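Peer 1: My questions all concern the structure below.
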Amino acid sequence: MKVKCNSCKRDFRVENIRTEDMENGVERTLFSCPFCRREYTGFYTDDSIRSLQKKIQKAVAKLGNDNYDQKVLKKRIAKLQQKIKGEIDALKARMEPADSERRNSE
Ligand SMILES: [Zn+2]
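Residue numbers (this note's numbering): 316 to 421.
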């Protein structure tokens, strides 16, 4: 994923993603601009989101395995991904109620 830094306006590839513990079991996933070191929040996770992530990983691991109904599996993954996206958005809104500048361009 490539983003443009809001500070120095240079394009950079997102790597070295790290997490930081916040209150109530919330973890902030963040990365910085390699040029000016400005920090950006990727997303937040909490217990519920992390357990959904694990469920998705488990389901994805069964893809291509004939012992499982692939159609059902794909539906399940899509459903989980939709759910997790909703929770991530809701958590972000809760953590950054006055967020105005952290929207990164593609
Ligand atoms: Zn920068």
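No residue lacks a Cβ here, since even glycine has one placed at the ideal position from N, Cα and C.
Note that the structure is predicted; figures quoted are calculated from it, not measured.
(1) Is the beta carbon of L345 sitting closer than 7 angstroms to the one on T360?
(2) Quick check: the Cα distance between D384 and L406, rounded to an integer number of angstroms?
(3) For L378, I'd like the list of residues in its chain whose CB is within less than 6 angstroms of its CB, leaving aside the five on either flank, ordered along the chain.
(4) Leaving out the 5 sequence neighbours to the left and right, which residues in its chain are closer than 7 angstroms to N331 when beta-carbon positions are compared?
(5) Please report the distance separating the alpha-carbon of L395 from that of D404.
Peer 2: In this structure, then:
(1) Going by C-beta atoms, L345 is not nearer than 7 angstroms to T360.
(2) 33 angstroms
(3) none
(4) Cβ neighbours of N331 beyond the five flanking positions: F346.
(5) 14 angstroms
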